[in-house]
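Engineer: I'd like to ask some things about the structure below.
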Amino acid sequence: MSISTERANGALIAKAEGRVDGANAREFQDDLEAVIGPADKLVLLDLENLSYISSAGLRVILLVARTLQKQKATLAVCSLSSSIREVFEISGFDKIIPVHDSREDAMAKLGG
Amino acid sequence: MERAFKILVVDDEPDLEPLMLQRMRRSIRRGQYQFVFAGNGVQALERLREDEEIDMVLSDINMPEMDGLTLLQQIPKVDPNIRSVIISAYGDMKNIRTAMNRGAFDFVTKPLDFNDLRVTIDRTVKHLLEWRGALSARDRLVALQNELDMASKMQQSILPTVFPEGVGYQVSGSMEPARSVGGDFYDVLQLSNDRIGLAVADVSDKGVPAALFMMSSRTLLKGSAIGCEKPGDALHEVNDLLNEDNETAMFVTMVYGVYDPANGKLTYANGGHNSPLLVRADGSSELLPLTGGVALGLVPDLEYHQETTTLAPGEFVIFYTDGVTEAMNEAEEEFGVERLQNIFAESPPDNAQGVNKAILETVNKFAGNASQSDDITCLTLQRGKMRS
């Protein structure tokens with residue numbers, strides 16, 4: 000698992016690659032918290048190259064979303080592969096975390 | 000090391016004490032070393048018993064009452080973590096060898112070269128710090144292992160092992176725990192009018208906190224199931240209760256169904272869990288539709304919709320966790336729903352217990368030498384073959 004970041008149109012885009020499971024969920028959380036700044040208002044998690052996410056990984060996304068909520072910021076995810084999308088749909092996470100088809104789609108809707 | 004490294008110097012020469020304090024004064028003033036003294040082995044052992052802070056013994060060999068080589072044998076009985084350095088005559092290989100055999104960490108020779116002694120002490124300090132680090136890592140590992148064992152026992156203790164034997168149906172549950180304790184559970188509840196409640200759930204984390212969350216989820220479901228006629232209402236209630244005090248952002252996915260043996264109807268609500276699988280008597284199968292519910296513990300005030308399906312005589316419904324469908328083989332492929340369905344297509348099942356056994360065996364065979372990373376849990380209901 001690795002995370003690379005870029006900033007565009009006032010949004011922080013964090014791209015996660017590889018697998019997130021119980022064994023590295025903590026690392027995933029630490030890495031995400033390290034890249035998000037206190038001034039970020041919109042964080043877009045690009046999951047295009049994420050091959051697998053377990054419930055422990057979903058929990059990290061939820062924790063980050065809650066932290067961002069406290070600083071009045073938004074977390075959204077985009078570019079989910081069909082298997083990751085299925086995980087979001089089955090768990091109902093797509094009803095809690097905004098899911099977008101692509102970065103462009105997310106930026107257009109979130110006005111970043 | 001936060002406090003000064005404490006060295007017990009053992010020698011019957013009274014001149015050594017002032018000499019040592021004088022030559023080591025800088026290290027003493029900087030708080031690096033602290034020296035205490037004893038005149039022979041017997042006095043040294045007394046000091047060691049009185050003062051638990053002594054890290055190292057620096058001892059002469061020839062002394063009255065108890066010599067240094069005898070002292071070396073006694074020190075580990077007082078504290079095995081003390082390190083000893085022997086002062087020997089130059090070239091006295093016989094005694095040096097005996098001292099090393101008796102557990103001395105190092106030696107210095109007479110006449111004492113204080114620079115060499117400083118180097119030897121520093122090396123001993125470094126060794127002891129590493130040794131203590133390893134000891135505390137071992138202690139932490141043991142503590143962690145104990146915690147995982149406790150979580151595992153908590154998990155196992157709440158799973159029913161005896162299943163209700165009603166007229167016209169059969170239920171069987173099984174869980175194969177992963178080595179790192181997961182958070183799966185299943186439950187079978189006796190409800191009014193001979194109905195039964197069936198639940199399979201998966202907590203989002205591992206270890207003791209997850210085990211505690213699992214226990215409370217299971218208890219809340221039991222309470223809500225008895226109070227609520229509809230499975231959707233039960234999940235609604237459990238979700239609200241779990242949300243009341245959940246700073247940890249842990250959650251549980253759960254499918255809960257109520258089966259009525261009188262008409263074969265299974266009404267279920269799904270909170271973020273894998274779809275149950277309906278298996279017909281001929282071995283064909285299909286996933287039951289999702290009900291759009293969100294995993295429990297995430298957000299309060301959610302509605303949980305429910306669906307009803309009617310089992311024909313001989314048909315099965317399997318509730319399972321993602322430990323089944325996400326089991327991986329050595330090539331990192333997932334077991335998936337299709338392989339699950341193939342089990343029954345190839346060999347139509349006969350009874351509920353056989354279904355669980357077939358699933359576990361097939362998943363284990365598929366996984367090969369890949370390690371099991373999640374609990375494998377199945378709860379299977381079969382409507383009796385003969386109409387009751």
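The listed protein sequences derive, respectively, from chains A and B. Just so we're aligned, residue 0 is where the first sequence starts under numbering that gives the first Met the number 0, counting upward by one. Just so we're aligned, residue 0 is where the second sequence starts under numbering that gives the first Met the number 0, counting upward by one. Glycine residues also receive a C-beta, built at the ideal position from the N, C-alpha and C atoms.
#1: How big is the Cα-Cα spacing for GLU314 (chain B) and ASN350 (chain B)?
#2: Quick test of your reading: ILE342 (chain B) and LEU276 (chain B), contact by CB under 8 Å. State the CB separation rounded to the nearest angstrom.
#3: Does ASN185 (chain B) pass the burial test, meaning 16 or more other C-beta atoms within 10 Å, or should it be called exposed?
#4: State the Cα-Cα distance for the pair SER101 (chain A) and CYS77 (chain A), rounded to the nearest angstrom.
#5: Return the CA-CA distance between SER87 (chain B) and PRO176 (chain B), expressed in angstroms with no decimal places.
#6: Taking only beta-carbon atoms, is ASN273 (chain B) less than 9 Å away from chain A?
#7: Run through DSSP, which three-state label would LEU79 (chain A) get?
#8: To the nearest angstrom, how far is the alpha carbon of ARG386 (chain B) from that of LEU61 (chain A)?
#9: If we define contact as Cβ-Cβ less than 9 Å, is SER387 (chain B) a contact residue for chain A?
#10: Apply the 10 Å Cβ neighbour rule to ASP321 (chain B) and answer buried if 16 or more other Cβ atoms are within range, or exposed otherwise.
#11: Would you tell me roughly how many angstroms separate the C-alpha atoms of PRO13 (chain B) and TRP130 (chain B), rounded to the nearest one?
#12: Helix, strand or coil for SER387 (chain B) per DSSP?
#13: Would you kindly work out how many angstroms separate the C-alpha atoms of THR290 (chain B) and GLY132 (chain B), rounded to a whole number?
#14: Measure the Cβ-Cβ separation of MET65 (chain B) and ASN100 (chain B) and say whether it is below 9 Å.
#15: Round the Cβ separation of ILE6 (chain B) and ASP54 (chain B) to the nearest angstrom and send it over; I've been treating them as touching at under 8 Å.
#16: Going by DSSP, what residue range makes up the alpha helix (DSSP H) through ARG25 (chain B)?
#17: Name the DSSP bridge partner or partners of VAL316 (chain B)?
#18: When burial is assigned at 16 or more other CB atoms within 10 Å of the CB, is ALA105 (chain A) buried or exposed?
#19: Determine, using beta carbons only, whether GLY21 (chain A) comes closer than 9 Å to chain B.
#20: Taking all protein chains shown into account, do 16 or more other C-beta atoms lie within 10 angstroms of the C-beta of ILE19 (chain A), making it buried, or fewer, making it exposed?
#21: Short of 6 Å in beta carbon distance, which residues of its chain neighbour VAL278 (chain B), apart from the five on each side in sequence? Order them along the chain.
#22: Using a Cβ-Cβ cutoff of less than 8 Å, which residues in the same chain neighbour ALA64 (chain A) once the five nearest sequence positions on both sides are dropped?
#23: Any idea if THR160 (chain B) is buried or exposed, counting beta-carbon neighbours within 10 angstroms, 16 or more meaning buried?
#24: Hey, could you find the ends of the beta strand (DSSP E) LEU11 (chain A) is sitting in?
#25: Going by DSSP, name the residue or residues bridged to GLU175 (chain B).
#26: Does DSSP classify VAL248 (chain B) as helix, strand or coil?
Structural biologist: Taking the geometry as given:
#1: 10 Å
#2: With 8 Å as the limit, ILE342 (chain B) and LEU276 (chain B) do not qualify as a contact, their Cβ atoms being about 10 Å apart.
#3: At residue 185 (chain B) the sequence reads Tyr, which differs from the Asn that was named. Residue burial is scored here from C-beta neighbours: TYR185 (chain B) has at least 16 other C-beta atoms within 10 angstroms and is therefore classed as buried.
#4: The alpha-carbon atoms of SER101 (chain A) and CYS77 (chain A) are separated by roughly 5 Å.
#5: 59 Å
#6: yes
#7: coil
#8: With a pLDDT of 48 at ARG386 (chain B), under the threshold of 50, the predicted position of this residue should be treated as unreliable, though the coordinate-derived value follows. Approximately 48 Å, taken between the alpha carbons.
#9: With a pLDDT of only 43 at SER387 (chain B), under the threshold of 50, the placement of this residue in the model should not be trusted; the figure read from the coordinates follows. Taking Cβ atoms only, chain A never reaches closer than 9 Å to SER387 (chain B), which makes this a no.
#10: buried
#11: 33 Å
#12: Per-residue confidence for SER387 (chain B) stands at a pLDDT of 43, beneath the threshold of 50, marking its modelled position as unreliable; no derived number is given.
#13: 53 Å
#14: no
#15: 7 Å
#16: 24–28
#17: B:LEU277 and B:LEU380
#18: It is buried - the Cβ of ALA105 (chain A) has at least 16 other Cβ atoms within 10 Å.
#19: yes
#20: For the record, residue 19 (chain A) in the displayed sequence is Val; it is not Ile. Per the 10 Å Cβ criterion, buried.
#21: Excluding residues within five positions, the ones whose Cβ falls inside 6 Å are SER284, PHE315 and PHE343.
#22: LEU74, ILE95 and ILE96
#23: exposed
#24: 10–19
#25: B:ILE375
#26: Per the sequence presented here, residue 248 (chain B) reads as Ala, with Val not at that position. Coil.
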